[in-house]
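Peer 1: So the sequence lines, in the order shown, correspond to chains Z and X.
Residues 0 to 240 in numbering that gives the first Met the number 0 are what the first sequence lists, from first letter to last.
Residues 0 to 240 in numbering that gives the first Met the number 0 are what the second sequence lists, from first letter to last.
Can you read through this structure? Questions will come right after.
2 protein chains.
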Amino acid sequence: MFLAKCHELDRSPTLAAMNPVAAPAERSFRNRQDKYDERRVQLAESALATLGELGYARTSLREIAQNSPFSHGVVHYYFKNKTALILHCVRYYKSRCMTRYDEIVDTALTADELRRGFADKLLETLRTEAPMHRLWYDLRNQAMFDPELREDVSAIDNGLCDMIDRVLTRYAELSDAVPRYDRNVAYSMLDGIFLAALLEHLIERDARTEAGETDDASATESSDRLRDKAFTLLPDLVAAP
Amino acid sequence: MFLAKCHELDRSPTLAAMNPVAAPAERSFRNRQDKYDERRVQLAESALATLGELGYARTSLREIAQNSPFSHGVVHYYFKNKTALILHCVRYYKSRCMTRYDEIVDTALTADELRRGFADKLLETLRTEAPMHRLWYDLRNQAMFDPELREDVSAIDNGLCDMIDRVLTRYAELSDAVPRYDRNVAYSMLDGIFLAALLEHLIERDARTEAGETDDASATESSDRLRDKAFTLLPDLVAAP
DNA sequence: CTCAAGTCTTGACGACTGTCAAGACTCTTC
DNA sequence: GAAGAGTCTTGACAGTCGTCAAGACTTGAG
């Protein structure tokens with residue numbers, strides 16, 4: 000047992016592992032460590048898929064394992080316990096979703112282009128990542144009951160607030176205006192609109208698939224409305240300087 | 000077994016029961032029926048208290064019974080199963096909270112009075128009914144995963160939207176203005192702000208009690224900020240006609 | 001009082017959960 | 001190829017859950 004196991008925060012690469020021309024023993028170590036990390040990512044992805052489908056409450060370790068190439072016992076080899084796995088998932092998820100609008104922010108040349116790009120992206124993520132979004136809201140809600148989740152949930156929430164703030168600040172710049180509201184207020188308002196659209200979207204979506212419709216089930220009228228709402232609302236979130 | 004049991008929607012009073020000078024047998028029937036209804040209310044209240052404390056996921060029937068004067072088996076005498084109890088709770092909860100701002104709407108004489116009254120009431124309900132609010136958000140979120148809850152959740156959500164709409168419509172009237180946003184958009188935005196404040200409030204609150212502070216634990220800085228936010232935001236939600 | 005209907009408690013059931021230990025398998029190193 | 005560390009599977013454990021049936025207690029009618 001010379002490999003760092005799940006029991007500690009073992010994210011720091013060892014000294015030897017930093018060396019590009021390592022001795023065979025050390026390269027092997029690297030390989031093992033890489034494989035180990037890869038497995039954790041693999042498990043996190045299986046867990047996220049399951050969590051997005053069933054929600055935090057009804058997701059069991061056996062269910063997660065069934066959505067992965069492994070058996071249920073393996074989880075405790077890579078993670079101390081269930082909450083450790085879920086927290087790892089949450090952080091992993093965070094690292095992927097925080098930069099969603101950055102490309103648009105960086106490339107848009109006019110306020111209207113940014114506004115349209117943002118609204119389109121909002122629509123797209125609602126349609127293609129609905130399970131992940133409902134999982135996020137589920138976790139954030141669980142944090143109201145379970146203090147163990149609060150630190151990570153707050154971190155993600157702040158990150159999302161920053162993400163929105165970058166959009167609004169840039170939009171204000173391009174509009175020769177200034178943000179009208181406190182960043183947290185603006186974030187909360189947009190988040191509330193997105194949350195409502197998500198709920199409506201999921202209800203519509205399931206109603207369609209239940210009716211046996213063969214259309215692209217991810218396209219709903221509610222998600223279309225979300226784009227319009229965001230598009231219309233954005234100018235109201237800035238004010239003349 | 001001549002009394003209507005839990006297995007059906009038995010809310011309709013019988014013909015005989017409508018008679019104010021009923022025969023003894025019928026009065027007895029009324030008494031029994033009343034007691035039966037009272038028990039259901041009693042159980043619903045115990046369940047709501049438990050749900051507000053533990054959340055939807057971690058609330059068991061045994062826990063609910065422990066917060067009531069009864070034992071765990073009695074639940075299945077008054078409700079078909081767990082979901083029936085919870086749905087009953089949800090409807091019961093709905094009937095109590097929908098009129099929260101109506102008195103202010105009806106009595107306020109000026110726009111500013113309404114605005115202040117609304118913001119104060121918002122603050123008050125955040126502080127005194129935090130567990131119920133987080134339960135509501137929990138249930139609404141569960142509806143994203145569990146179709147069984149959607150009908151009731153949608154009904155409540157619409158009711159809350161109406162409630163907010165009454166406030167805004169009246170506020171617009173008193174301001175010689177008109178509502179600026181679609182009612183659903185306005186509701187979603189205010190809801191988002193309230194949700195964020197609730198989460199922040201709970202975190203602050205628990206951090207204080209954990210630190211062993213003896214102050215009135217229901218008062219937090221975040222809840223104060225909520226009042227200011229609502230107070231400031233309200234004028235922006237209406238526009239010149 | 002007697003009896004029956006209504007009400008509630010108790011204890012059990014099968015299913016499911018997170019956790020963990022024992023062992024089998026795989027791969028690297030000598 | 002032998003040895004041993006690393007990886008994964010299997011099966012069991014203690015606990016909890018929703019559900020339900022059997023019976024004890026309570027209440028009111030005759």
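The beta-carbon is built from N, C-alpha and C at its ideal position, and this holds for glycine as well.
The structure displayed is predicted, hence computed values, not measured ones.
Helix, strand or coil: which one does DSSP assign to X:Pro240?
Peer 2: coil
Peer 1: Does DSSP put Z:Pro68 in a helix, in a strand, or in coil?
Peer 2: coil
Peer 1: Taking CB distances under 7 Å as the criterion, tell me whether Z:Glu140 reaches chain X.
Peer 2: Checking the sequence shown, residue 140 of chain Z turns out to be Asn, not Glu. Closer than 7 Å to some Cβ of chain X, the Cβ of Z:Asn140 qualifies, so yes.
Peer 1: Measuring alpha carbon to alpha carbon, tell me which of X:Asp227, X:Gly51 and X:Val74 ends up nearest X:Arg38.
Peer 2: X:Val74
Peer 1: So does the region 144-151 of chain Z actually touch the region 125-136 of chain Z, counting three or more Cβ pairs closer than 8 Å?
Peer 2: Cβ pair count under 8 Å is below three, so no.
Peer 1: Pairs of beta-carbons, one from the region 98-108 of chain X and one from the region 155-166 of chain X, closer than 8 Å: are there three or more?
Peer 2: yes
Peer 1: Taking its Cβ as the centre, do 16 or more other Cβ atoms sit within 10 Å of X:Gly211, making it buried, or is it exposed?
Peer 2: exposed
Peer 1: Should the region 118-127 of chain Z be called in touch with the region 58-73 of chain Z, which here means at least 3 C-beta pairs below 8 Å?
Peer 2: no
Peer 1: Considering Z:Phe78, what are the terminal residues of the alpha helix (DSSP H) in which it resides?
Peer 2: Premise fails: Z:Phe78 is in no alpha helix (DSSP H) and is neither H nor E.
Peer 1: Where does Z:Ser70 land, buried or exposed, given buried means 16+ other C-beta within 10 angstroms?
Peer 2: Result: exposed.
Peer 1: For the structure I just gave you, are there three or more beta carbon pairs, one from the region 47-56 of chain Z and one from the region 84-99 of chain Z, closer than 8 Å?
Peer 2: yes
Peer 1: For X:Arg207 versus X:Leu122, is the C-beta distance shorter than 7 Å?
Peer 2: Taking a C-beta distance under 7 Å as the contact criterion, X:Arg207 and X:Leu122 do not qualify as a contact pair.
Peer 1: Tell whether a beta-carbon distance below 7 Å holds between X:Arg169 and X:Val237.
Peer 2: no
Peer 1: What residues of chain Z sit near X:Ile85, judged by a beta carbon separation below 9 Å?
Peer 2: What X:Ile85 touches in chain Z: nothing, since even the nearest Cβ is about 13 Å away.
Peer 1: Report the option in X:Leu42, X:Leu198 and X:Asp223 whose CA atom is closest to the CA atom of X:Lys120.
Peer 2: X:Asp223
Peer 1: For a cutoff of 7 Å on Cβ pairs, would you count X:Gly191 as touching chain Z?
Peer 2: Interface residue (Cβ-Cβ distance to chain Z less than 7 Å): X:Gly191 is classified as such.
Peer 1: Could you have a look at Z:Asp9 and say whether DSSP puts it in helix, strand or coil?
Peer 2: Low per-residue confidence applies at Z:Asp9: pLDDT is 40, beneath 50, and the placement is therefore not dependable, though the value from the model is reported in the following sentence. It is coil, neither helix nor strand.
Peer 1: Going by DSSP, what residue range makes up the alpha helix (DSSP H) through X:Pro234?
Peer 2: X:Pro234 -> no alpha helix (DSSP H), and no H or E assigned at all.
Peer 1: Measure the alpha-carbon distance for Z:Thr49 versus X:Val40 and round it to whole angstroms.
Peer 2: 37 Å
Peer 1: Buried or exposed: where does Z:Val184 fall if 16 or more other Cβ atoms within 10 Å of its Cβ makes it buried?
Peer 2: Z:Val184 should be labelled buried.
Peer 1: Quick one: is Z:Val103 near chain X, going by C-beta distance under 7 Å?
Peer 2: Note on residue identity: the sequence assigns Ile, not Val, to residue 103 of chain Z. So no, Z:Ile103 is outside the interface.
Peer 1: With a cut-off of 7 Å, does the C-beta of X:Met131 fall near any C-beta of chain Z?
Peer 2: no
Peer 1: Take X:Tyr186 as the anchor and find which of X:Glu203, X:Phe78, X:His200 and X:Ile155 has the nearest alpha-carbon.
Peer 2: X:Ile155
Peer 1: What does the alpha-carbon distance come out to for the pair X:Met188 and X:Ala43?
Peer 2: C-alpha separation (whole angstroms): 31 Å.
Peer 1: Could you confirm whether any beta carbon from chain Z is found closer than 7 Å to the beta carbon of X:Ile63?
Peer 2: Look at X:Ile63: its C-beta is not under 7 Å from any C-beta on chain Z.
Peer 1: Could you tell me which of X:Glu112, X:Ser67, X:Ala239 and X:Ala196 sits nearest to X:Lys228, measuring between CA atoms?
Peer 2: X:Ala196
Peer 1: Since Z:Val177 sits in a beta bridge, which residues does DSSP pair it with?
Peer 2: Z:Ala238
Peer 1: Among Z:Asp205, Z:Ser67 and Z:Ala239, which residue has its Cα nearest to the Cα of X:Phe144?
Peer 2: Closest in C-alpha terms to X:Phe144, from the list Z:Asp205, Z:Ser67 and Z:Ala239, comes Z:Asp205.
Peer 1: What do you reckon, are the CB atoms on Z:Ser67 and Z:Ser45 nearer than 7 Å?
Peer 2: yes
Peer 1: On the CB-based measure, 16 or more other CB atoms within 10 Å of its CB, does Z:Thr219 come out buried or exposed?
Peer 2: buried
Peer 1: Using CA coordinates, which residue listed in X:Glu172, X:Leu173 and X:Asp137 is at the minimum distance from Z:Leu194?
Peer 2: X:Asp137
Peer 1: Taking Cβ positions only, does X:Leu201 come closer than 7 Å to chain Z?
Peer 2: yes
Peer 1: So what's Z:Ser217 in DSSP terms, helix, strand or just coil?
Peer 2: coil
Peer 1: Using DSSP with H/G/I as helix, E/B as strand and the rest coil, what is X:Ala195?
Peer 2: Collapsing the DSSP output to three states places X:Ala195 in a helix.
Peer 1: Of all the options X:Thr106, X:Pro240 and X:Glu199, which has the alpha carbon lying nearest to the alpha carbon of X:Ala171?
Peer 2: For X:Ala171, the closest of X:Thr106, X:Pro240 and X:Glu199 by C-alpha to C-alpha distance is X:Pro240.
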